[in-house]
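To convert, note that position 145 of the sequence shown is 157 in the working numbering; the numbers rise steadily by one, no gaps. Notes follow the structure.
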Amino acid sequence: MSLKIFLFALVFLPTSHTILLNRELLSAWVPDFDTSPMIDLSSKRISVIDKDTFRGLSHVKELNLFDNQLTELDADLFVDLVDLERLDLDNNLLSFIQPSTFSSLAKLRELYLQYNQIESIDSVTFHNLKQLEILHLDFNQLDELDNESFDYLIHLWYLGLAHNNLHKLNGTLFTSLISLNDLYLEGNKLTSLEEFTLTSLVNLKWINLSANKIISIDRNIFTGMLGLEHVDLAGNPVSLIQPSYVYQLCSNNPYCKIFI
């Protein structure tokens, strides 16, 4: 079968068909893959990726796997992508990520994992991503995060955890995130904000906690956050808390606005 006929047939495959991405198909879809710094494989209906597909591609800086049908990733899939700076895995079917999957991506700055089915994350999954600046984990099925999940991410300035099933934030979860500016936690199942939960986030400017079930907020929750500008608590049962109490949470910062 000629390459042209092969690619034509792929276009008309039924949506349920399993597409295995290997080196041969990569070369057909991205002819200059061995020199191009960007590989775009979005919306290709890929279900499985052979572990050797990206071997030797140390020059690649951006890999786009958005909108496919991936359910799992081989632990060694990205091992040679040592210069990768942006990885997009949004809108797939991932439910679990093996702890060593991203371990070789020391230069990664942006990681997109939104709209998957991830239920849990191992405590060391992100530990080698010390240059990471943006992490999207919104619209998954996370119900709990290990205290060490974000350790070593000292350059992270954006963290999206919206629309999961989180019911509690452990006290030391955000300890390493000293550069964090934006934190999105809306659409979870949080019921309280305990003292010291956010203490380390000294550079936080924007936090969205809307559409949770928050009925208890420690009065010192935002103490020390002198740069905080926006706190969204809309859609919570805060009617059970005196409005005057809520607004006083930012009393030490004249630029902070609270929305309830």
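Cβ coordinates follow ideal geometry from the N, Cα and C atoms, glycine included. Quick caveat, the model's predicted, so the values are computed rather than measured.
Just grab the DSSP bridge partners of residue i for me.
i, result
"Asp-100", "Asn-76 and Tyr-124"
"Lys-217", "BP columns for Lys-217 are empty, so no partner."
"Val-11", "The first residue shown for the chain is 13 and the last is 272, placing residue 11 beyond what the model contains."
"Asp-52", "Asn-76"
Would you check if the distance between the CB atom of residue i and the CB atom of residue j is smaller than 8 Å?
i, j, result
"Thr-235", "Asn-264", "yes"
"Ile-166", "Asn-152", "no"
"Tyr-124", "Asp-102", "yes"
"Leu-89", "Lys-119", "no"
"Thr-65", "Arg-98", "no"
"Ala-87", "Ser-112", "yes"
"Phe-108", "Leu-141", "no"
If I measure Cβ to Cβ from residue i and keep anything under 7 Å in the same chain, skipping five residues before and after, which residues do I get?
i, result
"His-139", "Asp-163 and Tyr-164"
"Thr-187", "Ser-212"
"Leu-19", "Unreliable placement is indicated for Leu-19, whose pLDDT of 45 sits below 50; the coordinate value is still reported in the next sentence. Counting only Cβ-Cβ distances below 7 Å, and skipping sequence neighbours, we find Ala-40."
"Leu-15", "Model confidence at Leu-15 stands at a pLDDT of 45, short of 50, so the residue's coordinates are unreliable; what they give is reported in the following sentence. Counting only Cβ-Cβ distances below 7 Å, and skipping sequence neighbours, we find Ala-40."
Who are the near neighbours of residue i in its chain, counting only those whose CB is closer than 8 Å to its CB and skipping five residues on each side?
i, result
"Asn-177", "Gln-153, Leu-154, Asp-155, Asn-200 and Lys-201"
What's the gap between the Cα of residue i and the Cα of residue j?
i, j, result
"Pro-266", "Lys-56", "50 Å"
"Ser-228", "Glu-207", "11 Å"
Take the Cβ of residue i as the centre, count every other Cβ of all protein chains shown within 10 Å, and call the residue buried at 16 or more, exposed below.
i, result
"Asn-232", "exposed"
"Asp-44", "exposed"
"Gln-126", "buried"
"His-29", "exposed"
"Thr-47", "exposed"
"Met-237", "buried"
"Ser-222", "buried"
Spatial neighbours of residue i within its chain, please: CB distance less than 6 Å, with the 5 preceding and 5 following residues excluded, ordered by chain position.
i, result
"Leu-173", "Leu-149 and Leu-197"
"Ile-146", "Glu-122 and Tyr-170"
"Asn-104", "Asn-80, Leu-82 and Asn-128"
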